[in-house]
Amino acid sequence: MAIRPDALPTDPAALTEMVLALDVENEKLRVALQTLKEMIFGKRSERLATLVAEQLALELDDLETGATPPAAANDDAAAAKPSDKPRKKARRNIGALPKHLPRCEQVLEPEATACPCCQAQLHKIGEDVSEVLDVVPAILRVLRTIRPKYACRGCTDGVVQAKVLPRLIESGMVSTALVSHVVVSKFAWYLPLYRQVQILAGQGVHLDRSTLAGWVKRAAWWLKSLYELQLRTIQAAPRVFCDETPMPVLDPGRGQTKKGYFWAIVSDDRGHSGPSPPIVLFRYAPGRSGAFAEQFLDGFNGRFLQCDAYDGYDRLSEVARRQGPWTLVHCWSHLRRRFVKLARNSKSPIAEAAVRQIAQLYAIEAMVRGSSPDIRLAARKEHSLPIVEALKPWFEKQLSMISSGSTLAEDIRYALNHWQGLTRFLEDGRLELDTNPVENAIRPICLTRKNALFAGHEVGAENWALLASIVATCKLSDVNPAAYIAETLEAIIDGHPHNRIEDLMPWRFRKTSSQRQ
């Protein structure tokens, strides 16, 4: 509602207070408007495009660390390497194609092999060979299994015939390879079942979507023991990442969906070259309460939980466990996003300065990524600790000079309220600066959910979580999920011993595959 001139206060102090309050409100509205523009028209990258070259010399009063501020850090950017370490070559097929791919040769002979001068026969003195990457589109075929019967002409008994091979779906007319293809197409490459039905129909195979859903359910049933072993393995990790994302589930009888959640638990020691295999585990829950986090993390022997600042995790730090409560480690990436957004939308020099200091922490982490925990911790004590120690009083100083109701003040209070969790990476070299491992694992879930819209029911959501866990773990282990699921299902169906089920885990499959090549 517009303010009428006769409604303005006559007291100068009250008028000043009203102007300041309106200025804070206008600033919030400007930020909100710019945020909406960014969401609709802007890029999704977190790079700080608003920083200009003239601001490189920006100083933070007494916040001097003696280090030259590097370029704005970005999780998706290539990590900088120290000069004393050899740089790894990018894994690209430039100039040579992978040796494991089959070769199909075609020989191009000249039209004539007689000498144009004397008509004598030419002889081969060499050849030029070139290779191009080719593709054979997916081909549907019918596998006919023939079992001949043999009998003795002089006897009435003794008919001999091979046993029927076990199938993934008994009496079904689908092979294990096709079921694996359907599973991987949905959970690895985000192709929902109704689109796969359309693709099959284009090749003359008309199936109902419920048929493919039954295949997926059966595959989940066979792979459940691997999922449970992944859970037992990740429970032994000393540190895990945790996050959650919405998962709509169809609510029968209401004609609409209800909101469920996928809770992601990740163990990834590659940042400090740890011995544990990388594992992703998704669990479905009908809500986001911290009680579900407590339930899913029950039985874990770890001490550190790296997560965002969601209040539901706070109860975990107070839960009495056999080895004590969880120690929460918070995420610098979440803090950085706040200042990046503010710097873009309001051109705040304080937000830009905060981003630069956080960028220095990421530059240090890039130098020691992959090193042992002792080396990482020593580097953090020497380089990161001074930055962090200077950053907190600088935040407090800036907070005292700005409006308490501004967005910038909210972001600074967010940092100060979670300072203990943000600085715990300085205590243990196994800890990471952010929760990117679990966020990267959740991203495929979001893409699949965007295409498939919702799970048909809660059992379907649980099967979704199971299969997505196995596919995501394959990706972390650098394993082809299609080959892994097909061969693993075949092995289980053929009667692989249950006491050797660990031999079928994705991190074991990778070693086996490399030995074959």
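Sequential numbering of the sequence shown, starting at 9, is according to the working numbering.
C-beta atoms are modelled at their ideal positions from N, C-alpha and C, and glycine is treated no differently.
Below 7 Å CB to CB, which residues in the same chain sit around residue i once its five sequence neighbours on both sides are set aside?
i: I395; result: T73, Q365, Q368, L369
i: A170; result: R155
i: V213; result: L148
i: L220; result: V190, L201, Q204, V205
DSSP state of residue i, grouped into three classes?
i: H506; result: helix
i: G268; result: strand
i: L141; result: coil
i: T335; result: strand
i: L71; result: Any reading at L71 must be qualified, since the residue scores a pLDDT of 38, below 50, and its modelled position is unreliable; the value itself is stated next. Looking at L71 - three-state DSSP - the assignment turns out to be coil, as it is neither helix nor strand.
i: K146; result: In the sequence as presented, Lys is not what sits at residue 146; that position holds Ala. Of the three classes helix, strand and coil, the one that applies to A146 here is coil, per DSSP.
i: Y158; result: strand
i: T318; result: The question names Thr, but residue 318 is Tyr in the sequence shown. If DSSP states are grouped into helix, strand and coil, Y318 belongs with coil.
i: D306; result: coil
i: T443; result: coil
i: P13; result: helix
i: I129; result: One point to set straight first is that residue 129 is Gln, not Ile, in the sequence displayed. Of the three classes helix, strand and coil, the one that applies to Q129 here is strand, per DSSP.
i: C123; result: coil
i: E117; result: coil
i: T253; result: strand
i: L407; result: helix
i: F312; result: strand
i: S412; result: coil
i: S233; result: helix
i: F290; result: strand
i: S341; result: helix
i: I273; result: strand
i: Q368; result: helix
i: V467; result: helix
i: V248; result: strand
i: Q42; result: helix
i: Q211; result: coil
i: V205; result: helix
Using a beta-carbon distance below 8 Å, is residue i in contact with chain C?
i: I453; result: Going by chain labels, chain C is absent from the structure shown, which holds only one protein chain.
Leaving out the 5 sequence neighbours to the left and right, which residues in its chain are closer than 8 Å to residue i when beta-carbon positions are compared?
i: V192; result: V479, P489, A490, I493
i: L239; result: L289
i: P17; result: L23, M26
i: A159; result: G166, V167, V168
State yes or no: is the C-beta of residue i within less than 8 Å of the C-beta of residue j?
i: E5; j: L324; result: Since the displayed the chain opens at 9 and closes at 525, residue 5 lies outside it and no answer follows.
i: G268; j: A245; result: no
i: L201; j: L208; result: no
i: L512; j: A227; result: no
i: K232; j: L475; result: no
i: S477; j: F300; result: no
i: V32; j: S411; result: yes
i: K157; j: V143; result: no
i: I501; j: P174; result: yes
i: A449; j: V288; result: yes
i: G320; j: G298; result: yes
i: P514; j: Y198; result: no
i: L439; j: V376; result: no
i: V39; j: V274; result: no
i: T481; j: K194; result: no
i: A317; j: H426; result: yes
i: L176; j: I509; result: no
Round the Cβ separation of residue i and residue j to the nearest angstrom and send it over; I've been treating them as touching at under 8 Å.
i: F353; j: Q42; result: One detail in the question is off: residue 353 reads as Asn in this sequence, not Phe. Indeed they touch by this definition, with Cβ atoms about 4 Å apart.
i: T415; j: K107; result: Actually they are not in contact, since the Cβ atoms of T415 and K107 sit about 55 Å apart, beyond 8 Å.
i: Q204; j: V187; result: About 12 Å; that fails the 8 Å criterion.
i: S341; j: D442; result: 4 Å
i: V224; j: N507; result: That pair is no contact at about 28 Å.
i: P286; j: L484; result: 4 Å
i: L105; j: L141; result: 6 Å
Who are the Cβ neighbours of residue i in its own chain at under 6 Å, not counting the five residues just before and after it?
i: T335; result: R311, F312
i: L44; result: none
i: C124; result: The residue asked about is misnamed: residue 124 is Pro in this sequence, not Cys. Excluding positions up to five away in sequence, the list is empty.
i: G210; result: none
i: L385; result: G437
(Q) With three or more beta-carbon pairs closer than 8 Å as the criterion, would you say the region 306-321 touches the region 248-268? (A) yes
ask   = Does the region 412-428 come within contact of the region 346-363, defined as at least 3 CB pairs closer than 8 Å?
value = yes
Is there contact here, the region 118-136 with the region 180-195, by at least three beta-carbon pairs under 8 Å?
no
- request: Decide yes or no for the touch test of the region 374-390 against the region 431-439: beta carbon pairs closer than 8 Å, at least 3 of them.
  value: yes
query: How do the region 462-474 and the region 258-268 stand: do at least 3 beta-carbon pairs fall below 8 Å, yes or no?
result: yes
| query | How about the region 393-410 and the region 264-283: do they share at least three Cβ pairs that are nearer than 8 Å? | reply | no
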